[in-house]
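What follows is a set of notes on a single structure, which appears directly below.
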Amino acid sequence: MRAAHIRWGLLLTGLVLALPAHADLSRRRSDVVEVVQKVSPAVVYIGTEQEVESRFRGRPRSPLEEFFGQGMAQPETRQRITGLGSGAIIDASGIIVTNDHVIRGASAIHVVLADGRTFDAEVVGSDANNDLAVLKVNAKEPLPTAKLGTSSDLMIGETVVAIGSPFGLSKTVTAGVVSATGRTFRADDRVYNDFLQTDAAINPGNSGGPLLNVDGEIIGINTAIYANGQGIGFAIPADKVRRIVEELTRFGKVRPAWVGMDTADLREQVAARLGWDRTYGVIVTNVDPDSPAAQAGVQRGDVVTELGGSRIQDAEDFDSRVRGYPARSVFPLVLFRAGASRTVQVTPVEFPARLLETLAWEKLGLRVKESKGGMAITSVRPGSAASEIGLEPGDVLLRMNNQPVSTGDTFREALLTARRGRSVLLLVRRGRYGYHLTLPFEGQRL
């Protein structure tokens, strides 16, 4: 009997030893686990619907039918397209930040919370240039939030966590490190500037979700617009997010800002003559009197080396970086002059209305006035690109970079946006016909 008790005791001991040890979870509670448990309730799934027109195609039309516009009728149909993305609640009243490309063109937006509740969302404001949008949902009680942190003190190699809904798989968590800051890349015919780079997996559906530090603070908004890299993800830094979100929340759009200085790429010979021996930076070619740049002390011939704490690579980089600062948002500019560096504070302002006509004349070579359906050209500057292309008084501008310009206000908005580019696409009406023309912009004025 004693031997039997011993055998049963050994058997029970073996069973106990074989059981998994769940008693102490603290050993497994990493920083990533704590971040996920803390912030997940504030991360949302965003579903969108968009209706587009399509044509039902019957038999192919013959070349003659194509030429004369005849042949089998092609009735229009409406097709519903759905999209998906992620977002983060940053205010308990229901304010959500996400990417512009997640909600662009949507006719309906639905937000699903981590606890399963679903809300219809309205767009407070969006900005394609910075790929950010602000949504609002109406809930009966305060919603869980994530804190918007800072990105200015990020360290390369520090741990980050991404939460979102890649490919519709909600509540997906990936972890990695900050791989780089201040990244610039091109996607969808647009230049994206001053992004964070991470090796945390970011895929379609992650767009708009938060990138978090180990304190659970949002240090970036993830974007999946760059699909050419494996193990390379990008996020909009929190400092830029804060500036743009404040602008969108207050005004519904980012107000075009003006600095009042022209820059150009820095050639090696010019840099050597100025004593600048680095491979980055741009040279200031003009400063408008009484402009924010002039008031900050910027001078023609200065080399701009840094903006907002990051190096400037070329004039396009400088242009894109300035675009991330709305009117009245101060940014530091590091200048090299006479062998020494100095830092000045620049405060961009809204573009002065008095300069609009001058801008159109100098950059487009045109003077215009409101007309039926567009802006009628009243004068063309001799020797300008507009004159060489053949634009004439009486022609009517209908669109600028695909933006309608039917009134003075819409023309101003389109021109202020287009002024940062190297060229502008115009839709011009002459008589009964419309023509698309690409007009080079003459110089850069920010």
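Residue numbers (the working numbering): -11 to 434.
Just so you know, even glycine gets a beta-carbon here, dropped at the ideal spot from N, CA and C.
On a predicted model such as this, the values are computed, not experimentally measured, just so you know.
Nonlocal neighbours in the same chain, by C-beta distance under 7 Å from residue 374, ignoring five residues either side: Sequence index remark: in the sequence shown, residue 374 carries index 386 (1-based). Same-chain partners within the cutoff: 352, 353, 354, 368, 427.
Close-in-space but distant-in-sequence residues of the same chain around residue 195 (CB under 8 Å, 5 per side omitted): As a first step, residue 195 must be located in the sequence shown, where it is residue number 207. 73, 74, 86, 87, 89, 90, 152, 210, 211, 212, 213, listed in sequence order.
Segment limits, alpha helix (DSSP H) that includes residue 259: The count along the sequence shown starts at 1 and reaches residue 259 at position 271. Looking at the DSSP string, the run of the alpha helix (DSSP H) that includes residue 259 is 256 to 262.
Terminal residues of the beta strand (DSSP E) in which residue 435 lies: There is no way to answer for residue 435, as the model of the chain reaches only from -11 to 434.
Nearest neighbour of residue 98, chosen from 71, 264, 394 [CA to CA]: Position 110 of the sequence shown, counted from the start, is the residue given in the question as residue 98. Closest option to residue 98, Cα to Cα, is 71.
Residue 160, buried or exposed, once every other Cβ within 10 Å from all chains shown has been counted against 16: Translated into positions along the sequence shown, residue 160 becomes position 172. Under this definition residue 160 is a buried residue.
Reduced DSSP secondary structure (H/G/I, E/B, other) of residue 283: Residue numbering aside, residue 283 sits at position 295 when the sequence shown is read from its first letter. If DSSP states are grouped into helix, strand and coil, residue 283 belongs with the helices.
Local conformation of residue 301 per DSSP, three classes: On the sequence shown, residue 301 is found 313 positions in, with the first residue counted as 1. Looking at residue 301 - three-state DSSP - the assignment turns out to be coil, as it is neither helix nor strand.
Other residues of its chain near residue 411: CB distance less than 6 Å, five sequence neighbours each side excluded: As a position in the sequence shown, residue 411 is number 423, starting the count at 1. Once the five neighbours on either side are set aside, the close Cβ partners of residue 411 are 426, 428, 429.
Cα-Cα separation between residue 363 and residue 312, rounded to whole angstroms: The residue given as residue 363 occupies position 375 in the sequence shown. The residue given as residue 312 occupies position 324 in the sequence shown. Those two C-alpha atoms are separated by around 29 Å.
Any 3 or more C-beta pairs closer than 8 Å across the region 102 to 110 and the region 29 to 41: yes
Option nearest residue 29 by Cα separation, candidates 100, 334, 19: Stepping through the sequence shown from its first residue, residue 29 is reached at position 41. Closest by alpha carbon: 100.
Within 8 Å, strictly: CB atoms of residue 322 and residue 279: As a first step, residue 322 must be located in the sequence shown, where it is residue number 334. As a first step, residue 279 must be located in the sequence shown, where it is residue number 291. No, the Cβ-Cβ distance between residue 322 and residue 279 is not below 8 Å.
At least 3 beta-carbon pairs within less than 8 Å: the region 284 to 300 vs the region 319 to 334: yes
Sequence-distant residues of the same chain with beta carbon closer than 6 Å to residue 77, five excluded per side: The sequence position of residue 77 within the sequence shown is 89, counting from 1. The answer, listed in chain order, is 30, 84, 131, 133.
Terminal residues of the alpha helix (DSSP H) in which residue 91 lies: As a working note, residue 91 is residue 103 in the sequence shown. Segment 88 to 91, the alpha helix (DSSP H) holding residue 91.
Same chain, Cβ closer than 8 Å to residue 219, five either side skipped, listed in chain order: Translated into positions along the sequence shown, residue 219 becomes position 231. Closer than 8 Å at Cβ, skipping near neighbours: 187, 189.
8 Å Cβ shell around residue 309 - same chain, five flanking residues per side excluded: On the sequence shown, residue 309 is found 321 positions in, with the first residue counted as 1. Taken in chain order, the residues that qualify are 181, 182, 295, 296, 298, 300.
Nearest residue (CA-CA) to residue 243, options 135, 137, 346, 233: For this step, residue 243 is matched to residue 255 along the sequence shown. Answer by Cα proximity: 233.
Cβ neighbour criterion (16 or more within 10 Å) applied to residue 203: Here residue 203 corresponds to residue number 215 of the sequence shown, with the count starting at 1. Looking at its Cβ environment, which holds fewer than 16 other Cβ atoms inside 10 Å, residue 203 is exposed.
Supposed contact pair residue 139 and residue 227 - C-beta distance, whole angstroms, cut 8 Å: Along the sequence shown, read from residue 1 onward, the residue named residue 227 stands at position 239. Along the sequence shown, read from residue 1 onward, the residue named residue 139 stands at position 151. Yes, residue 227 and residue 139 are in contact; Cβ-Cβ is about 5 Å, under 8 Å.
The beta strand (DSSP E) enclosing residue 271, as first and last residue numbers: Counted from its first residue, the sequence shown places residue 271 at position 283. Per DSSP, residue 271 belongs to the beta strand (DSSP E) from 270 to 275.
Nearest-angstrom Cα separation, counted from residue 282 out to residue 344: Here residue 344 corresponds to residue number 356 of the sequence shown, with the count starting at 1. Here residue 282 corresponds to residue number 294 of the sequence shown, with the count starting at 1. In a straight line, the C-alpha of residue 344 is about 19 Å away from that of residue 282.
Closest residue to residue 22 among 149, 381, 285, 124 (Cα-Cα distance): As a first step, residue 22 must be located in the sequence shown, where it is residue number 34. The candidate whose alpha carbon is nearest that of residue 22 is 149.
Pair within 8 Å by beta-carbon distance, residue 365 and residue 347: The residue labelled residue 365 in the question sits at position 377 within the sequence shown. The residue labelled residue 347 in the question sits at position 359 within the sequence shown. Not in contact: residue 365 and residue 347 (Cβ atoms no closer than 8 Å).
Boundaries of the beta strand (DSSP E) in which residue 100 is found, first to last residue: Within the sequence shown, numbered from 1, the residue matching residue 100 stands at position 112. Note, residue 100: beta strand (DSSP E), 96 to 100.
Beta carbon of residue 135 nearer than 8 Å to that of residue 205: Counting from one through the sequence shown, the residue named residue 135 turns up at place 147. Counting from one through the sequence shown, the residue named residue 205 turns up at place 217. Contact flag set, yes.
Residue 318 versus residue 198 - alpha carbon distance: Position 330 of the sequence shown holds residue 318. Position 210 of the sequence shown holds residue 198. Approximately 25 Å, taken between the alpha carbons.
Close beta carbons around residue 394, own chain, < 7 Å, minus the five adjacent residues each side: Residue 394 sits at position 406 when you count from the first residue of the sequence shown. 361, 362, listed in sequence order.
In DSSP terms, what residue 114 is bridged to: Counted from its first residue, the sequence shown places residue 114 at position 126. Its beta-bridge partners are 121.
Three-state secondary structure assigned by DSSP to residue 55: Residue numbering aside, residue 55 sits at position 67 when the sequence shown is read from its first letter. Reliability of the predicted coordinates at residue 55 is poor, the pLDDT of 42 falling under 50, and the value obtained from them is presented with this limitation in mind. DSSP places residue 55 in helix when its eight states are reduced to three.
Delimiting residues of the alpha helix (DSSP H) encompassing residue 227: Translated into the one-based positions of the sequence shown, residue 227 becomes position 239. Residue 227 -> alpha helix (DSSP H) spans 226 to 239.
N- and C-terminal bounds of the beta strand (DSSP E) containing residue 253: Locating residue 253 in the sequence shown gives position 265, where the first residue counts as 1. From DSSP, the beta strand (DSSP E) with residue 253 extends over 249 to 253.
CB contact flag (residue 113, residue 13, <8 Å): Along the sequence shown, read from residue 1 onward, the residue named residue 113 stands at position 125. Along the sequence shown, read from residue 1 onward, the residue named residue 13 stands at position 25. No.
Beta-ladder partner(s) of residue 136, from DSSP: To locate residue 136, count along the sequence shown from 1; it is residue 148. DSSP lists 206 as partners of residue 136.
C-alpha gap between residue 438 and residue 423, whole angstroms: Residue 438 lies beyond the range of the chain shown here (-11 to 434); nothing can be said about it.
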